[in-house]
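Accompanying notes for the structure given below.
In the working numbering, the protein residues as written are 1 to 282.
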C-alpha cells in the first residue's frame, strides 16, 4: 500500500486529509517565542502579523519525519511525501535523509519525497491528485514519475500587499521588495522552474491584481474542468471576487478556496491572494 504524506505548508484541512487518507508532518511555528496554539484562528493570526508579532517557522525535522514514516514502512507500506518547495524550505532534504535511513533498515520498502516546487495548495492539490490515483490502483513507480512531472507543471501565482514578509524571511531580494512600497503597487509573484519565488508582474491596486491573476489563468490553464485552488491571507472578500472572476472567465471545475496556512503565511503576510492551477511549464 502507498501512504501519502504532506507537511503543514500544504494547506490541507484535517477533514480533507481524512477524506483522502493523507498524513501530516507538522512544521513548527512560534509567535513571540511561544508555540502557536492548536487550531489557530486565521484572522487572529494575520492580525498578529499586522501588529508586528515576531513569527518564526521551522522546516520538518529529519527525526520527526522518520518517526512518522516508520510505522507504515514497518508494516509493509511505501511512503510518498509532497514537500513544500525545496527552493524555499529544507523539508524535502529532511525527508530524504529520513527515507534513506529507513530504506537501509527496510530494503524492500520505498520512501519517495516529491518536491512540489510550490507551497500551500501548490503542494496540497498535487497530494490530493496522488491520493486519487492510488485509490484507482496506480503503482508506486508510475505514481512518482507522473506526480514529479505534474509538480513541474503546476503553477502558483500570487499577489501580496507588502513584500516585507518575504524579504524578512529571505525568500526574495531587498531590491525586489522595494517594488511593493510604491504607489499602491501590488507585486505579482510566481514559483519558478527552480521552485523559488520571483517577481512576475505588478498591478496598481488589488482589483487590477485580481484581473491580472485571472488573465494569467486564461492564458496558461490547460483544463477548465480541473480542480484549481485559491488561498488568501485574511482577505476572504477578495478571494471570493477572484473565484467569481475565474467562473466568468470560463472555469468549470471545482475551486478549493482556503485561508492561507500560518507557516508559509508568515512569509507572504496579510492580504496575500494566490492562485494554483495545472499548465504546461511553470
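Even glycine gets a Cβ: it sits at the ideal position worked out from N, Cα and C. Computed from a predicted structure; not experimentally measured.
Measure from the alpha carbon of residue 65 to the alpha carbon of each residue in 184, 93, 89, then state which is nearest.
-> Position 65 of the chain shown, counted from the first residue, corresponds to residue 65. It is 93.
N-terminal and C-terminal residue of the alpha helix (DSSP H) that residue 132 is part of | Numbered from its first residue, the chain shown carries residue 132 at position 132. Segment 121–135, the alpha helix (DSSP H) holding residue 132.
Residue 79 versus residue 107: straight-line alpha-carbon distance, rounded | As a position in the chain shown, residue 79 is number 79, starting the count at 1. As a position in the chain shown, residue 107 is number 107, starting the count at 1. Answer to the nearest angstrom: the Cα atoms are 13 Å apart.
Which two residues bound the contiguous alpha helix (DSSP H) that contains residue 156?
-> Translated into the one-based positions of the chain shown, residue 156 becomes position 156. Counting along the chain, residue 156 falls outside any alpha helix (DSSP H), though it belongs to the beta strand (DSSP E) covering 154–159.
Helix, strand or coil at residue 185 [DSSP, three-state] | Reading the chain shown from its first residue, position 185 is the one you call residue 185. Strand.
How far does the alpha helix (DSSP H) with residue 106 in it reach, from first residue to last?
-> As a working mapping, residue 106 is identified with position 106 in the chain shown. Careful: residue 106 lies outside any alpha helix (DSSP H) and carries neither H nor E.
Excluding the five sequence neighbours on either side, which residues of its own chain have a C-beta within less than 6 Å of the C-beta of residue 30, listed in chain order?
-> Stepping through the chain shown from its first residue, residue 30 is reached at position 30. The residues are 56.
Fully enclosed by the region 40–126, which beta strand (DSSP E) runs are 3 residues long or longer?
-> Runs of the beta strand (DSSP E) inside the region 40–126: 55–57, 78–83, 111–115.
Nearest candidate by alpha-carbon position, reference residue 249, set 47, 33, 220, 264 | Within the chain shown, residue 249 is the residue found at index 249, counting from 1. Among 47, 33, 220, 264, the Cα nearest to that of residue 249 is on 220.
Opening and closing residue of the beta strand (DSSP E) in which residue 228 lies | For the purposes of this step, residue 228 is identified with residue 228 of the chain shown, where counting begins at 1. For residue 228, the enclosing beta strand (DSSP E) has its first and last residue at 228–232.
Exposure of residue 209, with buried meaning 16 or more beta-carbon neighbours within 10 Å = Stepping through the chain shown from its first residue, residue 209 is reached at position 209. The residue in question, residue 209, is buried, as its Cβ has 16 or more Cβ neighbours within 10 Å.
Report yes if the C-beta of residue 99 is less than 7 Å from at least one heavy atom of the ligand GDP; otherwise report no.
-> In the structure shown, the ligand GDP is absent, as is every other ligand, since no ligand is present at all.
Leaving out five residues on either side along the sequence, give the residues of the same chain with a beta carbon under 7 Å from the beta carbon of residue 173.
-> Along the chain shown, read from residue 1 onward, the residue named residue 173 stands at position 173. Model confidence at residue 173 stands at a pLDDT of 48, short of 50, so the residue's coordinates are unreliable; what they give is reported in the following sentence. Cβ neighbours of residue 173 within its own chain (closer than 7 Å, five residues either side excluded): none.
Run through DSSP, which three-state label would residue 35 get?
-> Here residue 35 corresponds to residue number 35 of the chain shown, with the count starting at 1. Of the three classes helix, strand and coil, the one that applies to residue 35 here is strand, per DSSP.
Close Cβ partners of residue 73 (< 6 Å) along its chain, the five nearest in sequence each way excluded = The sequence position of residue 73 within the chain shown is 73, counting from 1. Residues of the same chain with a CB within less than 6 Å of the CB of residue 73, apart from the 5 flanking positions on each side, are 102, 106, 109 in chain order.
Nearest to residue 227 by alpha carbon, out of 132, 40, 39?
-> Here residue 227 is taken as the residue at index 227 of the chain shown, counted from 1. Residue 132 is the option with its Cα nearest to residue 227.
Does the count of Cβ pairs from the region 37–50 and the region 148–160 closer than 8 Å reach three?
-> At 8 Å Cβ cutoff, the stretches do not touch.
Measure how close the beta-carbons of residue 270 and residue 121 come, nearest whole angstrom, since I'm counting them as under 8 Å.
-> For the purposes of this step, residue 270 is identified with residue 270 of the chain shown, where counting begins at 1. For the purposes of this step, residue 121 is identified with residue 121 of the chain shown, where counting begins at 1. Actually they do not touch by this definition, with Cβ atoms about 18 Å apart.
How many whole angstroms separate the CB atoms of residue 58 and residue 195, which I take to be in contact at a CB cut-off of 8 Å?
-> Locating residue 58 in the chain shown gives position 58, counting from the first residue. Locating residue 195 in the chain shown gives position 195, counting from the first residue. Actually they are not in contact, since the Cβ atoms of residue 58 and residue 195 sit about 19 Å apart, beyond 8 Å.
Can you give me the Cβ contacts of residue 241 inside the same chain, cut-off strictly under 7 Å, excluding the 5 residues immediately before and after it?
-> In the chain shown, residue 241 corresponds to position 241, counting from 1. The residues are 210.
Can the beta-carbon of residue 207 be found less than 8 Å from the beta-carbon of residue 200?
-> Taking the chain shown and counting its residues from 1, the one referred to as residue 207 is at position 207. Taking the chain shown and counting its residues from 1, the one referred to as residue 200 is at position 200. For residue 207 and residue 200, no; Cβs fall outside 8 Å.
Between residue 275 and residue 36, what straight-line distance do the alpha-carbon atoms span, to the nearest angstrom?
-> Residue 275 sits at position 275 when you count from the first residue of the chain shown. Residue 36 sits at position 36 when you count from the first residue of the chain shown. If you take the alpha carbons of residue 275 and residue 36, they lie about 26 Å apart.
Could you check which residue in 8, 147, 5, 16 has the C-alpha nearest to that of residue 256?
-> Residue 256 sits at position 256 when you count from the first residue of the chain shown. Checked all of 8, 147, 5, 16; the closest Cα to residue 256 is 16.
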